[in-house]
Amino acid sequence: MDIRSQVIDEVLQALGGIAQDVLRRVEDAITICLNRYELQERCTELTEAIVRRDYLSMYLATLRMEGKAESTLDQYGRHIRMLLAFSGKPEEEISLYDLRYYLACYKRVRKVANNTLDNVRRYIRAYFKWLAAEGHIQRDPAAALKMIHSQKKVKRDLSAVELERIRNACKTKRDIALVEFLYATGTRVSEVVALNILDVDFERLEVRVLGKGNKERIVYITERCAMYLREYLQSRSDAGESLFVSMRAAKRLQKAGIERVIRDLGRRAGVSNVHPHRYRRTMATHLINRGCNIQDVQQLLGHESISTTQIYYVYSRNTVKAAYQKYAA
-15 MDIRSQVIDE
-5 VLQALGGIAQ
5 DVLRRVEDAI
15 TICLNRYELQ
25 ERCTELTEAI
35 VRRDYLSMYL
45 ATLRMEGKAE
55 STLDQYGRHI
65 RMLLAFSGKP
75 EEEISLYDLR
85 YYLACYKRVR
95 KVANNTLDNV
105 RRYIRAYFKW
115 LAAEGHIQRD
125 PAAALKMIHS
135 QKKVKRDLSA
145 VELERIRNAC
155 KTKRDIALVE
165 FLYATGTRVS
175 EVVALNILDV
185 DFERLEVRVL
195 GKGNKERIVY
205 ITERCAMYLR
215 EYLQSRSDAG
225 ESLFVSMRAA
235 KRLQKAGIER
245 VIRDLGRRAG
255 VSNVHPHRYR
265 RTMATHLINR
275 GCNIQDVQQL
285 LGHESISTTQ
295 IYYVYSRNTV
305 KAAYQKYAA
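Counting along the sequence shown from 1, when you hit position 309 you're at 293 in our numbering, and nothing is skipped either side.
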């Protein structure tokens, strides 16, 4: 490695805590400044850097073709770029020790929780697994990176009393319709944002949802939810296609807007930590505790793996006791 490449790598490593777009601008600026010095070896190092970035570009393109969300691609890209900048090595030369050292430094410098660190591990492991499968590297150094365990915190669902208090806190037809919709369907906030009026079949009490990876599924609404939705839609004077719109400009209600509405309703009702995903957890937990098959809940939530669905199930003594009394001889 020539002196210019070494300087660039060391600077980027020292700035590892800075946003990735800033790091890229720093790298470009240093490269341009050092380019005035004519050294033959510079071309070799630059070519190697381009090849490394091409591997990542190819990987992200593969994920995009598989239907991964852009937010997911951003996460993979950002963390893998940070690893490559930190190691200063091409993928072919990165060892298991390099990966473990990076994760150890990441945790020490950023002071992240184990579940966050395990997400970084998963990004790295998926990338190197792809590199090995595609023949870009001979051996996968990340295969031995074991899951980083963290203490599981039981996240509470909303109780029947809390749900009713939030309903009573609603002051507009839109807000009560939104609350009932989130609880009835368990949809992700991003899915709610994308919904149009025509996606709702009021006769069948069905809603067509486009979930992660552009996968379409059908979710269901209750008669109560349908009633509040109809009242809300009939009260609107705009001709927009969006299912939920902002109060003033009648534009599609975005993620931040939905989160703000739900958070404010929780504060008004005196219920702490209320957010859209808590309704998703509440819907799933209530269905399972009432005897709904967990595989059916998996389909409703749009989970690829049933293990993801199982985290929404809060086991209680009453639930286990009721199950025992129902099925025991």
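Beta carbons: idealized from backbone N, C-alpha and C, even for Gly.
{"Item": "Rounded separation between cysteine 89 and glycine 61 - CA only", "Value": "19 Å"}
{"Item": "Buried/exposed call for glutamine 24, threshold 16 Cβ in 10 Å", "Value": "Caution is warranted here: a pLDDT of 46 is assigned to glutamine 24, below 50, making its placement in the model unreliable, and the coordinate value is therefore given only provisionally. Exposed, since its Cβ has fewer than 16 Cβ neighbours within 10 Å."}
{"Item": "Straight-line gap, methionine 42 to lysine 196 (C-alpha atoms, nearest Å)", "Value": "21 Å"}
{"Item": "Anticipated Cβ contact below 8 Å, serine 79 with proline 125, distance rounded", "Value": "5 Å"}
{"Item": "Valine 191 - DSSP class collapsed to helix/strand/coil", "Value": "strand"}
{"Item": "Given alanine 253 as reference, the closest of Gly170, Ile160, Ile132, Arg48 once Cα atoms are compared", "Value": "Ile160"}
{"Item": "Paired residues, beta bridge with serine 134 - DSSP", "Value": "In the DSSP output, where bridge partners are listed per residue, serine 134 has none listed."}
{"Item": "Minimum C-alpha distance to valine 193 - residue among Lys310, Glu215, Phe165, Gln279", "Value": "Phe165"}
{"Item": "Buried versus exposed call for tyrosine 81 [16 or more other C-beta atoms within 10 Å across all chains shown]", "Value": "exposed"}
{"Item": "Nearest neighbour of glutamate 225, chosen from Leu182, Trp114, Asp248 [CA to CA]", "Value": "Leu182"}
{"Item": "C-beta contact flag for isoleucine 290 and isoleucine 278 at 8 Å", "Value": "yes"}
{"Item": "The stretch 223 to 242 touching the stretch 101 to 118, judged by at least three CB pairs closer than 8 Å", "Value": "no"}
{"Item": "Burial state of threonine 269 (16 or more Cβ within 10 Å)", "Value": "buried"}
{"Item": "Identified DSSP bridge partners for arginine 236", "Value": "Val229"}
{"Item": "Nearest-angstrom Cα separation, counted from glutamate 54 out to alanine 116", "Value": "24 Å"}
{"Item": "Between the CA atoms of cysteine 209 and serine 219 - distance to the nearest angstrom", "Value": "16 Å"}
{"Item": "Beta-carbon gap between leucine 40 and leucine 47 smaller than 8 Å", "Value": "no"}
{"Item": "Per DSSP, cross-strand counterpart(s) of isoleucine 367", "Value": "Only positions -15 to 313 of the chain appear in the structure, and residue 367 is not among them; the question remains open."}
{"Item": "Beta-carbon gap between leucine 284 and leucine 227 smaller than 8 Å", "Value": "no"}
{"Item": "Three-state secondary structure (DSSP) of asparagine 277", "Value": "coil"}
{"Item": "Separation of leucine 68 from serine 221, as counted between CA atoms", "Value": "54 Å"}
{"Item": "Pairwise C-alpha distance: alanine 97 and threonine 206", "Value": "39 Å"}
{"Item": "For threonine 171, the first and last residue of its enclosing alpha helix (DSSP H)", "Value": "Unbroken run through threonine 171: none, as it is neither H nor E."}
{"Item": "Whole-angstrom distance between valine 191 and arginine 140, CA atom to CA atom", "Value": "27 Å"}
{"Item": "Boundaries of the alpha helix (DSSP H) in which glycine 61 is found, first to last residue", "Value": "54 to 71"}
{"Item": "C-beta contact flag for histidine 259 and arginine 247 at 8 Å", "Value": "yes"}
{"Item": "Residues that aspartate 185 bridges to, as DSSP identifies them", "Value": "Glu190"}
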